[in-house]
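Notes follow the structure.
Protein chains in written order, with the working numbering: chain A, 455 to 751; chain B, 455 to 751.
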């Protein structure tokens with residue numbers, strides 16, 4: 455890590471010569487060379503979802519004048535219509551109004567939910583012994599013994615390995631599943647003052663009352679669910695970007711999380727490694743697949 | 455800006471002492487003290503949209519077993535169902551597959567679409583003279599005369615003032631509207647190699663063939679539309695986070711953009727300025743409003 459730090463300091467010293475550069479040197483000298491890892495599942499009509507919500511359906515957007523789908527051939531463009539039976543779908547950011555209407559909905563979170571230090575706490579060894587293992591305060595103490603105190607304002611993601619079978623729909627009913635104990639949530643929020651925690655499964659714990667989610671929501675906290683690819687992210691040293699459209703009065707959030715990790719990290723892609731602008735032309739065109747209920751290649 | 459730079463250098467020097475800190479000092483010493491400005495409109499059933507797509511409708515999620523909405527009182531939680539007639543709605547990130555199926559859809563963009571230098575080019579003076587003014591190469595040359603070369607890989611947002619009347623639905627049919635000339639798009643991509651440009655209106659230009667969007671999409675470029683609050687962001691020195699859920703085979707993106715600006719900037723909120731965890735309890739509960747077709751307070 456020493457080499458990175460020297461590089462960062464040099465870069466910022468250079469960038470600071472330009473009075474109007476502001477935060478740009480952070481990108482040019484550091485973020486540009488980082489490794490980007492997507493922590494987000496792709497949303498399709500076939501991903502795991504609680505039976506009490508049911509799946510989404512996709513369709514091509516219809517021209518209201520004709521009732522027929524727009525087409526690349528006739529209209530020059532295409533668009534997508536979505537019937538989403540729930541906002542608890544895919545990789546999510548739950549606002550507390552999901553359970554407690556006196557607290558903010560998804561459009562009422564402050565814009566400071568944007569980028570944070572990412573802490574990853576692994577419970578995969580314990581889950582290998584017992585599929586229903588829940589993160590304990592002792593796991594957090596062990597993590598702090600290795601890495602130091604969990605930073606205030608961080609996003610703390612729990613790596614359990616649950617998502618390795620995604621998008622097998624059977625995941626939605628598999629029990630037991632790895633969770634996060636209420637005491638661990640209380641420790642993270644009341645003792646460490648994190649921004650929010652996240653986990654791979656679609657629920658926080660396996661208690662009948664969902665006591666962890668209940669405590670979070672009724673006390674004004676947010677949480678991430680359905681997080682992907684945590685096996686590709688180190689326990690310390692990455693940032694995470696947090697994005698979600700602002701549906702007015704929404705009580706769930708279709709979210710995007712991207713980990714930004716140090717250049718030496720073994721996973722992830724760097725700016726310039728894959729085509730971005732322009733993007734690469736693909737061998738097969740995107741087209742509607744009626745069986746899949748979505749566009750595929 | 456000198457004071458910030460000294461602060462950044464000191465902070466990183468301190469952070470670099472810890473071997474496992476990685477990119478965390480960027481947050482702790484700089485991003486934490488930045489000003490965050492949301493560039494995203496709230497999505498509701500009443501926002502401006504092209505008549506060829508039509509509006510969205512929202513509803514409470516129904517319990518499939520009873521056909522009745524979930525309720526906080528009976529079920530302890532609530533969720534939202536969305537019927538979205540188009541993915542060209544609100545603040546967007548258009549992938550090139552919107553017009554050109556041989557190029558990536560929204561779920562196929564690399565994860566390096568996460569955080570970038572934000573360039574803001576204002577055409578508000580010209581728009582005040584002529585409502586249909588389009589950004590020209592000369593405007594970009596003037597910007598570079600003031601600030602230096604537009605950084606490679608940047609996001610370039612065009613401030614026109616169009617969105618000040620948002621969410622007046624009349625905006626969707628108002629002509630002429632401020633645009634971006636094709637030559638300016640070509641300059642930005644072919645000469646400056648930006649990641650993407652963005653604009654406040656829902657279309658790129660007022661030509662009959664939408665020549666700017668056509669060129670972008672058919673050449674593998676992305677673009678942001680329906681961008682908000684660009685009047686609160688300086689021309690240089692901010693970063694922008696880019697977020698959107700990954701709808702499989704999607705040809706539009708419900709997006710979130712947040713500008714991250716230097717601490718001295720006069721607009722925006724800092725981490726810790728507004729309650730985050732826990733969020734603040736609000737005076738009125740979120741509840742369904744049938745007339746609005748959405749939850750309100």
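All residues carry an ideal CB built from backbone N, CA and C; glycine is no exception.
Collapsed DSSP secondary structure at residue i in the structure displayed
i: residue 589 (chain B); result: strand
i: residue 742 (chain B); result: strand
i: residue 613 (chain B); result: strand
i: residue 502 (chain B); result: coil
i: residue 490 (chain B); result: strand
i: residue 783 (chain B); result: Examination of residue 783 (chain B) is not possible in this model, given that chain B is present from 455 through 751 alone.
i: residue 472 (chain A); result: Residue confidence for residue 472 (chain A) is low, a pLDDT of 44 falling below 50, so the modelled location carries little weight; the figure read from the coordinates is stated next. Of the three classes helix, strand and coil, the one that applies to residue 472 (chain A) here is coil, per DSSP.
i: residue 441 (chain A); result: What is shown of chain A runs 455 to 751, which leaves residue 441 (chain A) out entirely.
i: residue 656 (chain B); result: coil
i: residue 572 (chain B); result: strand
Exposure of residue i, with buried meaning 16 or more beta-carbon neighbours within 10 Å
i: residue 642 (chain B); result: buried
i: residue 624 (chain B); result: exposed
i: residue 622 (chain A); result: exposed
i: residue 628 (chain B); result: exposed
i: residue 684 (chain A); result: buried
i: residue 744 (chain A); result: exposed
i: residue 583 (chain B); result: exposed
i: residue 691 (chain B); result: buried
i: residue 555 (chain B); result: buried
i: residue 488 (chain A); result: buried
i: residue 471 (chain B); result: Low confidence applies to residue 471 (chain B): its pLDDT is 38, below 50, so where it sits in the model is not reliable enough to give any reading.
i: residue 727 (chain A); result: exposed
i: residue 476 (chain B); result: buried
i: residue 482 (chain A); result: buried
i: residue 541 (chain A); result: buried
i: residue 619 (chain A); result: exposed
i: residue 570 (chain A); result: buried
i: residue 638 (chain B); result: buried
i: residue 521 (chain A); result: exposed
i: residue 525 (chain A); result: exposed
i: residue 614 (chain A); result: buried
i: residue 586 (chain A); result: exposed
i: residue 602 (chain B); result: exposed
i: residue 654 (chain A); result: buried
i: residue 473 (chain B); result: Model confidence at residue 473 (chain B) stands at a pLDDT of 48, short of 50, so the residue's coordinates are unreliable; what they give is reported in the following sentence. It is exposed - the Cβ of residue 473 (chain B) has fewer than 16 other Cβ atoms within 10 Å.
i: residue 579 (chain A); result: exposed
i: residue 630 (chain A); result: exposed
Where the alpha helix (DSSP H) containing residue i begins and where it ends
i: residue 527 (chain A); result: 526 to 529
i: residue 579 (chain B); result: 578 to 583
i: residue 479 (chain A); result: 478 to 483
Run of the beta strand (DSSP E) containing residue i, from where it starts to where it stops
i: residue 538 (chain A); result: 534 to 538
i: residue 546 (chain A); result: 546 to 548
i: residue 602 (chain B); result: Residue 602 (chain B) -> no beta strand (DSSP E), and no H or E assigned at all.
i: residue 749 (chain B); result: 748 to 750
Contacts of residue i in chain E (Cβ-Cβ under 7 Å)
i: residue 709 (chain B); result: Absent here is chain E; the protein component of the structure consists of chains A and B.
Pair every Cβ in the segment 550 to 565 of chain A with every Cβ in the segment 582 to 601 of chain B, then say whether three or more of these pairs are closer than 8 Å. The way I'd put it, the segment 550 to 565 of chain A doesn't touch the segment 582 to 601 of chain B; fewer than three beta-carbon pairs between them come closer than 8 Å.
Give the list of continuous alpha helix (DSSP H) stretches no shorter than 4 residues that lie fully inside the segment 618 to 652 of chain A. As far as the segment 618 to 652 of chain A is concerned, its whole alpha helix (DSSP H) runs of at least 4 residues are 636 to 640.
Could you say if the segment 698 to 716 of chain A and the segment 547 to 558 of chain A meet the contact criterion of at least three C-beta pairs nearer than 8 Å? Using a Cβ-Cβ distance cut-off of 8 Å, the segment 698 to 716 of chain A and the segment 547 to 558 of chain A are in contact, since at least three pairs of beta carbons, one from each stretch, lie closer than that value.
3 or more residues per run - each beta strand (DSSP E) lying fully within the segment 660 to 732 of chain A: Taking 3 residues as the shortest admissible run, the segment 660 to 732 of chain A contains the following complete beta strand (DSSP E) segments, listed from N- to C-terminal end: 677 to 679, 692 to 697 and 710 to 715.
When the Cβ atoms of the segment 711 to 730 of chain B are set against those of the segment 511 to 522 of chain B, are three or more pairs found closer than 8 Å? The segment 711 to 730 of chain B is not in contact with the segment 511 to 522 of chain B.
May I ask you to verify whether the segment 646 to 664 of chain B touches the segment 601 to 616 of chain B, counting CB pairs closer than 8 Å and requiring at least 3? With the cut-off at 8 Å, the segment 646 to 664 of chain B and the segment 601 to 616 of chain B touch.
Any chance the segment 522 to 536 of chain A sits against the segment 667 to 679 of chain A, with 3 or more Cβ pairs inside 8 Å? No, they do not touch.
Measuring CB atoms only, is the segment 497 to 510 of chain A touching the segment 534 to 550 of chain A, in the sense that at least three cross pairs come out at less than 8 Å? Result yes; three or more Cβ-Cβ pairs closer than 8 Å.
For the segment 674 to 683 of chain B against the segment 481 to 493 of chain B, do three or more pairs of beta-carbon atoms, one drawn from each stretch, fall closer than 8 Å, so that the two count as touching? Short answer: they touch.
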